Amino acid sequence: MPISMLLAELEVGQHFYWEIAGLKIHGQVFLTSWFVIALLVLVSVLATRKIERIPSGLQNFMEYALEFIRDLAKGQIGEKEYCPWVPFVGTLFLFIFVSNWSGALLPWKLIKIPGSELAAPTNDINTTVALALLTSLAYFYAGLSRRGLGYFARYIEPTPILLPINILEDFTKPLSLSFRLFGNILADELVVAVLVLLVPLFVPLPVMILGLFTSAIQALIFATLAAVYIGEAIEGHGEEEHG
């Protein structure tokens, strides 16, 4: 069979729609997202069901993950302001991390649903855009709650000439976050799918291992940038209070 015909078998953009109040919702994204959320909740419950003074096993793993996320937030937001934002940054990181790995480890495509196929939640642009918009709302809330209406003064700093550029920057941040994550995850899955069609036994394995690594890196990048944006929004608050 010609390579062109093999590549033509790859289909991108098919969706299983749910009709709710006249709106079309991508049902397959909700199904895989609920699976990821349920998995995270289950692991959290099991890890905290019987907390010991000297952690071991799953509790030790979860405490290591919490410490990692806490250090990430502290490094980007600041030692005085990071605590309230650990749950948000941690939720972003863990959801994206597990979602990405689910696409690399679970045989979603073997589960058939009408008119579509299952894939990692982050394989859909709607998921990544939603995560990026949540990040935007978070850093706007951080800036307004810490600096009040004075937060908007940053749009004309250091000169009012930069007003259009500073406003445009707030639109490009969520675009950059969403398309970076979506593009990398989709590209990784497409590369693996093409190699499975062409060389189905050995070649895809190293690519899949590399995909696990890049999936983890993408989750880290997204969470780190979210923390950076929140830190930028509240920057200078401590100095203003001190003065």
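Per my numbering, the sequence shown runs over residues 321 to 563. Ideal Cβ placement from N, Cα and C applies to all residues, glycine included. What you are looking at is a predicted structure, and each value in this text was computed from that prediction instead of being measured.
| Check | Outcome |
| --- | --- |
| Ala458 and Ile550 look like a contact to me (Cβ under 8 angstroms); what is the Cβ gap, rounded to whole Å? | 6 angstroms |
| What would DSSP say about Lys344, mapped onto helix, strand or coil? | strand |
| What is the C-beta distance between Thr534 and Asn504, in whole angstroms, given that I count them as a contact (C-beta under 8 angstroms)? | 6 angstroms |
| Expressed to the nearest angstrom, what Euclidean distance is found between the alpha-carbon atoms of Gly463 and Trp405? | 13 angstroms |
| Between the region 407-422 and the region 539-549, do three or more beta carbon pairs fall short of 8 angstroms? | yes |
| Where does Phe381 sit, in a helix, a strand or coil, going by DSSP? | helix |
| Would a C-beta distance cut-off of 7 angstroms place Leu497 and Ala450 closer than the cut-off? | no |
| Quick one: what does DSSP say Ile431 is sitting in, helix, strand or coil? | coil |
| Apart from the five residues just before and just after Ile389, which ones in its own chain have a Cβ nearer than 7 angstroms to its Cβ? | Val406, Val409, Gly410, Phe413 |
| Going by DSSP, name the residue or residues bridged to Trp338. | Ile345 |
| Of the choices Thr368, Asn446, Leu378, whose alpha-carbon is the least far from that of His346? | Asn446 |
| Leaving aside the five residues before and after Thr448 along the sequence, list all residues of the same chain whose C-beta is less than 7 angstroms from its C-beta, in chain order. | Thr442, Ser498, Leu501, Phe502 |
| Label Phe488 either buried or exposed according to how many other C-beta atoms from any shown protein chain fall within 10 Å of its C-beta, with 16 as the threshold for buried. | The sequence given here places Leu at residue 488; Phe does not occur at that position. Exposed, by the Cβ-count rule. |
| Counting along the chain, where does the alpha helix (DSSP H) carrying Leu469 start and finish? | That residue, Leu469, is in no alpha helix (DSSP H); it is neither H nor E in DSSP. |
| Any idea what DSSP makes of Ser376, helix, strand or coil? | coil |
| Mind checking Tyr576: buried by the 16 CB within 10 Å criterion, or exposed? | Summary: the structure shown does not reach residue 576, with the chain confined to residues 321 through 563, and so no result is reported for it. |
| For the alpha helix (DSSP H) that Thr411 lies in, which residues bound it at each end? | 406-425 |
| Tell whether a beta-carbon distance below 7 angstroms holds between Gln568 and Ala553. | Any property of residue 568 remains undetermined from this structure, which presents the chain solely from 321 to 563. |
| DSSP on Glu552, reduced to helix/strand/coil? | helix |
| So the candidates are Gly342, Thr455, Ile476; which of them puts its Cα closest to the Cα of Thr492? | Thr455 |
| In this structure, does DSSP put Glu437 in helix, strand or coil? | strand |
| Is it true that the CB of Met528 sits closer than 7 angstroms to the CB of Val512? | yes |
| Thinking C-alpha only, which one of Thr544, Leu386, Leu359, Leu343 is nearest Trp648? | The chain is shown from 321 up to 563; residue 648 falls before or after that span and cannot be answered. |
| Give me the Cβ distance between Tyr402 and Lys394, rounded to the nearest whole Å; I'm assuming they're in contact under 8 angstroms. | 4 angstroms |
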